[in-house]
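**Student:** Below is the structure I would like to discuss, written out as structure tokens.
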């Protein structure tokens with residue numbers, strides 16, 4: 653079973669949240685319903701701006717840890733390269 657890393661944002665260039673999951677659709681639904689992380693709820697990070705698939709959950713966890721250690725400007729650049737319009741990708745992955 654694989655895994656996913658993802659970044660949620662409050663708005664373009666706003667507050668960022670880096671997460672990991674084995675079931676992306678379920679995790680996104682939990683966040684959207686306000687039952688996910690307190691951080692996401694507190695800062696209204698409900699815009700899915702980056703998603704990365706991984707072959708294993710272990711790889712996803714390792715990537716999440718690496719991303720959490722990245723500088724903010726590196727994360728912003730990563731998002732801008734993959735999703736220049738900072739579009740909400742929720743509907744693409746919640747099916």
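In our numbering, the protein residues as written are 653 to 747.
No residue lacks a Cβ here, since even glycine has one placed at the ideal position from N, Cα and C.
No experiment lies behind these values; they were computed from the predicted model shown.
1) Straight-line CA distance for residue 719 to residue 708?
2) Can we say the stretch 689–696 touches the stretch 723–738, given the rule of at least three CB pairs closer than 8 Å?
3) Which of helix, strand or coil does DSSP assign to residue 732?
4) Which two residues bound the contiguous beta strand (DSSP E) that contains residue 704?
5) According to the Cβ coordinates, are residue 712 and residue 655 closer than 8 Å?
**Tutor:** To lay it out plainly:
1) 17 Å
2) no
3) helix
4) 699–706
5) yes
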